Amino acid sequence: YPPLTIANLVLFSRARNLDRALAGQSLIILLLPFLVHVSLGGFQPSSGVVLWSVLSPFNALVFGGLRSGIRWLVAFAAVVALGAVIQPRATNNLPDWIVTGFFVANIGTISAVAFGLIAAYARQFAAERALSERLLLNVLPAPIASRLREREEVIADAYDAATVIFADVVNSTPLTVELSPPEMVALLDEHVAAFDALADRYGVEKIRTIGDNWMGVAGVPRPRVDHAAAAARLALGMLRFVDERRGGGKRCLEFRIGLNSGPMIGGVIGRSKFVFDVWGDAVNTAARMESHGAPGRVQITEATYRLLDERFVCEPRGSIEVRGKGVLTTWWLVRERE
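Take the sequence shown: its position 218, counting from 1, is numbered 895 in the numbering used here, and each next residue is one higher.
Here it is in structure tokens:
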């Protein structure tokens, strides 16, 4: 076996044909045990040494894929059938205890090799599944991902009460001129990564980032009675992060933030690059709170203000004209009471 394997490697080093090298190695693994099987007299006299030929389809399966593995499995079956036809003699000159010992060794070793290969594939499958799970949870909330795995055709739910938060960069255009593309992306990434961590901390579900706009929702897909407070803490945390960067002398972005509470619909749309999203008038109003807000401040609707009660300090902004909504009474979220 070693000389033939070395010869095969030499041919591969010269021809650089991997498919031919794999086929040659599979052929060596297939035929050598069969030749020993014939020379020793058949199945029983050879202690089933032809079982080693099963490594040929295993080798092809691991390195050549399923189709190659099937072809070599058929070849292995043909070799075993041929071995049954060619039985030179029922016994040989080896003592029975040696024949029995080799039976044990052959069966045990082949079983161990087969188990090792299956275990390796099982570990690889588990690792790939864990990776796909992490990727899925990066784009979908955990409860929604679980329903998607169960092959639920339409994922759409109505939520009676939730709070949507929008945060958008103010005056980002001058920065795109001042900074190089890698610097601009890195700056945005630092802020978005911090916002994502804050969202996890306060239990707010991130929906998406589009350009320099960050969107999240509290109370979806897991309903919670304190959704307004959770979104408010996140908004204040975002401003606090920006202030801390500025205080540390780092370059920072300026954000307008808007919040609104109310009923909405959540669901998964699309078949490729699908996303979980929320819709409804409450979502549109939250977007208006951001776009009609002020840099470095959090504007909230009266619906959100009423849910916050006395737990947060708010300043009345008064009535403002909001595009598509008419006149709305809004408030500035200042801080959480100690």
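Think of the CB as a built atom: it goes at the ideal place given N, C-alpha and C, for glycine as much as any other residue. Just so you know, these numbers come straight off a predicted model, no measurement behind them.
_Residue range of the beta strand (DSSP E) that includes Gln976_ = 975–978
*What are the start and end residues of each continuous alpha helix (DSSP H) run of 4 or more residues lying completely inside the stretch 980–1004, in chain order?*
none
*Ile842, DSSP secondary structure in three states*: strand
*Own chain residues within Cβ distance below 6 angstroms of Trp749, not counting five before or after*: Ser703, Ser733, Pro734, Ala737
*Roughly how many angstroms separate the alpha carbons of Gly742 and Leu699, rounded to a whole number?*
11 angstroms
*Thinking Asn937 and Thr978 are a contact (beta carbons under 8 angstroms), I'd like their distance in whole angstroms, please.*
4 angstroms
*heavy atom of the ligand SAM below 7 angstroms from Phe753 C-beta*: Ligands are entirely absent from the displayed structure, and the ligand SAM is therefore not among its contents.
*Which ranges does the alpha helix (DSSP H) cover as unbroken runs of at least 4 residues, wholly within the stretch 842–897, from first to last along the chain?*
850–855, 858–879
*Return the residue from the list Val1011, Leu865, His969, Trp956 that minimises the CA-CA distance to Arg917.*
Val1011
*What does a CB cutoff of less than 6 angstroms around Val999 pick up in its chain, not counting 5 residues either side in sequence?*
Arg965, His969, Leu1005
_Rounded straight-line distance, which links the Cα of Ala684 to that of Val757_ = 26 angstroms
*asked:* Suppose you measure from the CA of Gly746 to the CA of Val762; what does that come to, to the nearest Å?
replied: 24 angstroms
_Same chain, Cβ closer than 6 angstroms to Ala871, five either side skipped, listed in chain order_ = Phe918
_N- and C-terminal bounds of the alpha helix (DSSP H) containing Asp920_ = 904–924
*asked:* Can you look up Ser823 in the DSSP assignment and give me helix, strand or coil?
replied: helix
*asked:* Quick check: the stretch 904–913 against the stretch 879–893, are at least 3 beta-carbon pairs closer than 8 angstroms?
replied: yes
_One or two residues paired with Ile942 in a DSSP bridge_ = Ala835, Trp956
*Please name the residue in Arg974, Asn783, Arg691 whose C-alpha comes closest to that of Gln721.*
Asn783
*Buried or exposed: where does Trp774 fall if 16 or more other Cβ atoms within 10 Å of its Cβ makes it buried?*
exposed
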